[in-house]
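The structure appears right after this line, and notes come after that.
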Amino acid sequence: MLPSTNRFKRYLRAMNAENVKEWKIELTYRADFIRGMLEPLIFVFPYVLFAVALMGGRTSSVLEGLTGVSDGVTYTIIGYIFMGFLNTAVWGMGFALRKEQWYGTLESIFVAPVPRWVYVMGMASHSIAHQSIILFFQVAVVYVLFGLLLNVQGILPVLIFVALMLISLMGLGLMISGLALMFKEGWIISEVFYSLITIVTPIAYPLAVLPPLLQKLSKAMPTTYAITGIRHFLIAENMEFTLWSAYSRLIIIGVCWVVTGLLMFHIVDRKVRREGTLAEY
Amino acid sequence: MRNDLFLIKEEIKKNIKILLCYPVEIMFWAIFPVLWVIPFIFQGEALVGGVTSSEFGKLAGTDQFIPFVLIGAIISTYLFSSLYGMGGSIRMESYWGTLEYILGSPARKISILMGKALSESISSTLFVATQMVICIFGFGLTLTVGKILPILLVMLLLVAGLYGMAIALAGVTLQIKESRSLVHTIEYLFYLFSPIRYPVGIHPMIAAVSVLIPLTYALVAIRGIWLLNQSVSVLWQYVAILALLDVVFITFGYSIFYFMEKKVRKSGVVAQY
Amino acid sequence: MDITNAIVAEGIVKVFKKKARRKHIIGPKIGKDELVYAVNKVDMKVRKGELFGLLGPNGAGKTTLVKCLSALLLPNEGTAVINGHDIVEDPIAARESIGITTGGERTLYWKLSGRDNLRYFAALYGLSSDEANQRIDYLMKIMGLLDKQYERIEKYSTGMRQKVSICRALIHDPPVLLLDEPTLGLDPSFSRFIRLFIKKDLNEKQGKTILLTTHYMDEADQLCDRIAIMNQGKIVAVDTPENLKKSIPHDEVLEVKCLGHADFEGIGQRVYSQSEDGVQVHRIHSENVEEIMSEVIKAADSAKILSMNVTKPTLEDVFIHLTGTRLTGEFNEE
Numbered sequence: 629m630l631p632s633t634n635r636f637k638r639y640l641r642a643m644n645a646e647n648v649k650e651w652k653i654e655l656t657y658r659a660d661f662i663r664g665m666l667e668p669l670i671f672v673f674p675y676v677l678f679a680v681a682l683m684g685g686r687t688s689s690v691l692e693g694l695t696g697v698s699d700g701v702t703y704t705i706i707g708y709i710f711m712g713f714l715n716t717a718v719w720g721m722g723f724a725l726r727k728e729q730w731y732g733t734l735e736s737i738f739v740a741p742v743p744r745w746v747y748v749m750g751m752a753s754h755s756i757a758h759q760s761i762i763l764f765f766q767v768a769v770v771y772v773l774f775g776l777l778l779n780v781q782g783i784l785p786v787l788i789f790v791a792l793m794l795i796s797l798m799g800l801g802l803m804i805s806g807l808a809l810m811f812k813e814g815w816i817i818s819e820v821f822y823s824l825i826t827i828v829t830p831i832a833y834p835l836a837v838l839p840p841l842l843q844k845l846s847k848a849m850p851t852t853y854a855i856t857g858i859r860h861f862l863i864a865e866n867m868e869f870t871l872w873s874a875y876s877r878l879i880i881i882g883v884c885w886v887v888t889g890l891l892m893f894h895i896v897d898r899k900v901r902r903e904g905t906l907a908e909y
Numbered sequence: 006m007r008n009d010l011f012l013i014k015e016e017i018k019k020n021i022k023i024l025l026c027y028p029v030e031i032m033f034w035a036i037f038p039v040l041w042v043i044p045f046i047f048q049g050e051a052l053v054g055g056v057t058s059s060e061f062g063k064l065a066g067t068d069q070f071i072p073f074v075l076i077g078a079i080i081s082t083y084l085f086s087s088l089y090g091m092g093g094s095i096r097m098e099s100y101w102g103t104l105e106y107i108l109g110s111p112a113r114k115i116s117i118l119m120g121k122a123l124s125e126s127i128s129s130t131l132f133v134a135t136q137m138v139i140c141i142f143g144f145g146l147t148l149t150v151g152k153i154l155p156i157l158l159v160m161l162l163l164v165a166g167l168y169g170m171a172i173a174l175a176g177v178t179l180q181i182k183e184s185r186s187l188v189h190t191i192e193y194l195f196y197l198f199s200p201i202r203y204p205v206g207i208h209p210m211i212a213a214v215s216v217l218i219p220l221t222y223a224l225v226a227i228r229g230i231w232l233l234n235q236s237v238s239v240l241w242q243y244v245a246i247l248a249l250l251d252v253v254f255i256t257f258g259y260s261i262f263y264f265m266e267k268k269v270r271k272s273g274v275v276a277q278y
Numbered sequence: 003m004d005i006t007n008a009i010v011a012e013g014i015v016k017v018f019k020k021k022a023r024r025k026h027i028i029g030p031k032i033g034k035d036e037l038v039y040a041v042n043k044v045d046m047k048v049r050k051g052e053l054f055g056l057l058g059p060n061g062a063g064k065t066t067l068v069k070c071l072s073a074l075l076l077p078n079e080g081t082a083v084i085n086g087h088d089i090v091e092d093p094i095a096a097r098e099s100i101g102i103t104t105g106g107e108r109t110l111y112w113k114l115s116g117r118d119n120l121r122y123f124a125a126l127y128g129l130s131s132d133e134a135n136q137r138i139d140y141l142m143k144i145m146g147l148l149d150k151q152y153e154r155i156e157k158y159s160t161g162m163r164q165k166v167s168i169c170r171a172l173i174h175d176p177p178v179l180l181l182d183e184p185t186l187g188l189d190p191s192f193s194r195f196i197r198l199f200i201k202k203d204l205n206e207k208q209g210k211t212i213l214l215t216t217h218y219m220d221e222a223d224q225l226c227d228r229i230a231i232m233n234q235g236k237i238v239a240v241d242t243p244e245n246l247k248k249s250i251p252h253d254e255v256l257e258v259k260c261l262g263h264a265d266f267e268g269i270g271q272r273v274y275s276q277s278e279d280g281v282q283v284h285r286i287h288s289e290n291v292e293e294i295m296s297e298v299i300k301a302a303d304s305a306k307i308l309s310m311n312v313t314k315p316t317l318e319d320v321f322i323h324l325t326g327t328r329l330t331g332e333f334n335e336e
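Keeping their order, the protein sequence lines are chains G, S and E.
One point on numbering: in the working numbering, the residue at position 229 of the first sequence is 857, and numbering is uninterrupted.
One point on numbering: in the working numbering, the residue at position 221 of the second sequence is 226, and numbering is uninterrupted.
One point on numbering: in the working numbering, the residue at position 187 of the third sequence is 189, and numbering is uninterrupted.
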């Protein structure tokens with residue numbers, strides 16, 4: 629038998645292999661790849677146009693009263709662009725193993741001596757890289773078309789917010805990944821999570837406009853702190869949390885979601901192996 | 006003819022039975038498209054401080070943007086669930102390995118496609134009916150009985166054009182296999198260029214492209230009936246253009262399908278997944 | 003730690019729930035919910051370096067057992083130890099020692115080349131880039147796939163895909179191989195190549211322990227050191243092919259093919275009959291077939307005898323003797 633390398637190194641290799649494989653497969657569908665890169669560029673437009681239709685222009689005094697920001701267009705764009713990372717977690721990670729079932733390769737990869745979460749992390753690295761490239765182009769397009777004015781000095785704390793949000797979203801990805809294996813309608817699990825989180829997250833509006841119950845739920849979402857924090861640093865939105873409070877809540881939520889995700893995944897893995905439904909699509 | 010009717014009936018039965026194996030999917034399509042409207046309600050609250058906007062009313066003819074958006078959500082669900090379903094139906098036949106047998110049989114392709122399209126219509130109607138109930142009881146949307154028939158007539162015209170699109174999509178799926186992404190792109194473009202969420206007058210380019218999309222006329226007519234209480238004298242032109250576009254899309258759709266079918270038979274990619 | 007046996011299965015049970023179906027969506031259920039014992043208290047030991055066959059018809063539980071041994075399925079009871087590692091307690095360590103091929107058309111990434119597929123799986127088994135390249139070059143050369151290595155799997159024939167699957171199973175040079183119907187669906191020349199490769203290269207030259215499942219009697223007979231006969235989830239016999247054949251009480255078999263009905267009941271020690279494409283095939287077991295030939299001809303009566311062959315008992319006969327059914331269908335005992 630070939631000498632076994634240190635487990636950590638092996639897991640890193642597997643993660644990297646997963647990432648490379650996903651890129652290779654994605655690039656074989658050239659038309660789809662191009663479409664996948666172009667669509668997000670126009671993704672925010674309907675939301676922006678809706679906002680413009682409501683305001684009759686770019687600014688809103690109501691919004692300024694609530695958030696300190698009058699530019700409704702920029703306010704809307706930032707929220708929806710960063711929600712792309714939620715999309716990554718839900719579809720990129722959450723649906724990844726279901727995709728393997730579709731390909732017919734799930735058993736082949738599960739028989740390898742690598743824990744399941746390693747595959748999901750590998751897919752996460754692909755999804756995050758993918759989303760980051762898209763983000764770059766999105767920002768460029770909206771800057772040109774809508775003339776965004778952002779506070780560049782806020783980039784570092786924004787990146788920290790994004791990184792902390794990603795930890796939680798990885799946990800979410802694990803949870804969805806596991807659930808998607810269990811249920812025949814795996815894509816619906818992803819859609820349900822995506823829909824519910826977008827409803828309670830203050831994407832294009834401040835927390836204050838949500839009903840009290842939804843505000844409570846919203847405070848359990850990492851996306852709430854991340855998006856509010858990002859808007860605070862980029863366009864000076866009023867933030868009801870202090871910076872460290874926001875960071876620490878993100879860390880706590882992140883740890884909880886990751887632990888829950890791993891646990892849920894472990895439970896589902898045992899269940900599908902017991903029931904023998906691993907290969908079933 | 007009798008055989009065709011039997012085939013259509015069996016195609017519908019088959020697809021509906023398969024759909025019923027996925028009850029969660031049924032519940033999803035019946036409920037979630039309406040829930041997706043909720044962020045717009047909050048956005049409205051944040052931008053205009055309430056549920057009406059006079060600026061919106063200048064373009065849309067009604068300052069009540071929530072019913073405007075709800076109707077857009079319901080009608081677009083009908084369209085997209087049918088399109089996803091049609092492309093997906095062909096895709097699944099390919100996945101199961103049954104597509105070759107279907108295309109290799111002496112059955113008329115038009116009958117098979119009609120069966121598929123009708124079964125998608127049946128399931129979409131179920132979804133939309135549930136959504137209407139949610140909108141009426143959950144969001145306070147009102148609908149008088151007298152408006153139901155004219156709305157249904159406009160829907161039927163939309164469905165006819167939809168069949169043309171769906172059949173074209175089925176043909177394209179034979180060749181490119183991955184139809185879901187194509188429907189996704191169509192969905193994106195429709196959301197941008199048709200009045201699903203906002204009036205097309207918001208931007209001249211949006212207005213210019215929207216004239217080519219049947220959904221535009223259907224939504225304008227349906228909102229005209231439902232929200233604005235407009236009469237036939239005002240709405241007939243939209244209905245007429247919709248009917249004309251239907252003819253174009255249906256002709257185009259069948260042409261695409263037959264062209265693609267011949268192409269895949271020649272190239273032998275039918276069996277490829 | 004057991005140093006003699008590479009695979010030790012103890013009391014493995016795998017049960018599936020089979021739900022009763024309804025004829026119509028809202029109609030009553032047809033039958034009852036039942037438990038299906040796909041693997042029913044299987045004990046098995048495979049020695050290191052042995053080529054061990056698991057022979058049984060479709061639905062016998064062979065694939066389920068293999069999936070249990072590879073930790074893809076969790077057994078309801080029992081456990082197995084592969085190369086010293088328990089599949090339930092330490093599945094990852096057990097998998098490090100296993101290379102597996104499973105059935106099915108779609109177990110590779112069709113949009114990737116043969117080489118890319120193997121590189122990916124090599125990484126999953128912890129190989130570095132250089133190790134993977136060396137190993138892939140070696141395996142693809144043996145399999146004659148070097149000139150196709152950069153083509154996508156979707157362009158490969160079934161036989162070529164199976165070769166890539168075998169390469170994948172060997173990519174990390176495991177000591178234990180679980181080969182589930184490796185020649186299923188392949189044409190005779192490919193099958194011959196795979197069998198020779200398994201026997202000569204993998205087992206004799208490299209000393210790998212191989213558990214091979216098959217429903218092809220000839221394959222098991224030619225390749226395996228020992229065979230376990232499996233039926234309806236249970237192992238009904240384990241021995242060398244020769245001993246299994248000798249276990250049939252009668253030395254010779256007269257195979258009679260005829261058109262029309264013939265009744266050979268009472269002739270010889272045991273008669274098994276089957277219909278194949280309208281031809282009646284009767285296998286008459288006897289200690290000395292010469293003595294029964296004239297009886298057989300007389301008993302054929304109005305049936306037209308197409309051929310009569312004297313053969314030794316085969317594994318098929320062993321299977322029928324033990325289970326009453328054929329490896330590939332029902333054989334009626336007269």
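Note that CB positions come from ideal geometry on N, CA and C, so glycine has one too.
Note that the coordinates shown come from a computational prediction; the quantities given were computed from them, not determined experimentally.
Strand pairing of histidine 87(E), partner residues [DSSP]: Ile84(E)
Extent of the continuous alpha helix (DSSP H) run through glycine 782(G): No alpha helix (DSSP H) contains glycine 782(G), which DSSP labels as neither H nor E.
Element boundaries [beta strand (DSSP E), containing glutamate 257(E)]: 254-261
Neighbour flag for isoleucine 201(S) against chain G, beta carbons, 9 Å: yes
Option in Ile863(G), Leu842(G) and Leu773(G) with minimal Cα separation from glycine 707(G): Ile863(G)
Helix, strand or coil at glutamate 36(E) according to DSSP, with G and I counted as helix: strand
Sheet register partners of arginine 228(E) (DSSP bridge): Phe54(E)
Extent of the continuous alpha helix (DSSP H) run through phenylalanine 710(G): 700-710
Inter-residue Cα distance where the pair is alanine 171(S) and glutamine 136(E): 50 Å
Nearest candidate by alpha-carbon position, reference asparagine 647(G), set Asp897(G), Lys844(G) and His758(G): His758(G)
N-terminal and C-terminal residue of the alpha helix (DSSP H) that lysine 142(S) is part of: The question names lysine, but residue 142(S) is phenylalanine in the sequence shown. From DSSP, the alpha helix (DSSP H) with phenylalanine 142(S) extends over 114-143.
Short CB-CB distance (under 9 Å) between phenylalanine 723(G) and chain E: no
Reduced DSSP secondary structure (H/G/I, E/B, other) of isoleucine 138(E): helix
Test: aspartate 699(G) CB closer than 9 Å to a CB of chain S: no
Residue-level contact to chain E via CB, arginine 726(G), 9 Å cutoff: no
Three-way DSSP call (helix, strand, coil) for alanine 222(E) in this model: helix
Assigned secondary structure, histidine 189(S) (DSSP; H/G/I helix, E/B strand, else coil): helix
Chain E contact for lysine 847(G) (CB, 9 Å cutoff): no
DSSP-derived helix/strand/coil call for histidine 284(E): strand
Opening and closing residue of the beta strand (DSSP E) in which threonine 211(E) lies: 211-216
Start-to-end residues for the beta strand (DSSP E) that takes in asparagine 311(E): 306-313
Pair within 9 Å by beta-carbon distance, isoleucine 80(S) and leucine 220(S): yes
Short Cβ contact (9 Å threshold) for valine 790(G) with alanine 854(G): yes
Neighbour flag for glutamate 332(E) against chain G, beta carbons, 9 Å: Summary for glutamate 332(E): the model assigns pLDDT 41, below 50, so the residue's position carries little reliability, and this model does not support an answer.
Whole-angstrom distance between leucine 250(S) and leucine 167(S), CA atom to CA atom: 10 Å
Selection from Met137(S), Leu118(S), Glu16(S) and Leu148(S) that minimises the alpha carbon distance to tyrosine 83(S): Met137(S)
Best match in Val83(E), Thr325(E) and Glu153(E) for proximity to asparagine 233(E) [C-alpha to C-alpha]: Thr325(E)
Whole-Å CB distance - leucine 197(S) paired with isoleucine 670(G), under 8 Å assumed: 6 Å
Minimum C-alpha distance to glycine 782(G) - residue among Leu838(G), Ser796(G) and Ile858(G): Ile858(G)
Alanine 836(G) and threonine 704(G) closer than 9 Å at C-beta: no
Between the CA atoms of arginine 121(E) and methionine 97(S) - distance to the nearest angstrom: 30 Å
Close Cβ partners of glutamate 332(E) (< 7 Å) along its chain, the five nearest in sequence each way excluded: Residue placement at glutamate 332(E) is poorly supported in this model, since its pLDDT is 41, which falls under 50; the coordinates still yield a value, given next. Taken in chain order, the list of residues that qualify is empty.
CB of leucine 256(E) within 9 Å of CB of methionine 295(E), strictly: yes
Under the three-state DSSP convention, the category glutamate 332(E) falls into: Reliability fails at glutamate 332(E), whose pLDDT of 41 lies under 50, so the model's placement of it is uncertain and the value that follows must be treated cautiously. Residue state, collapsed to three classes: strand.
Proximity test, Cβ basis, 9 Å: alanine 659(G) and chain E: no
Start-to-end residues for the alpha helix (DSSP H) that takes in aspartate 241(E): Counting along the chain, aspartate 241(E) falls outside any alpha helix (DSSP H), though it belongs to the beta strand (DSSP E) covering 236-241.
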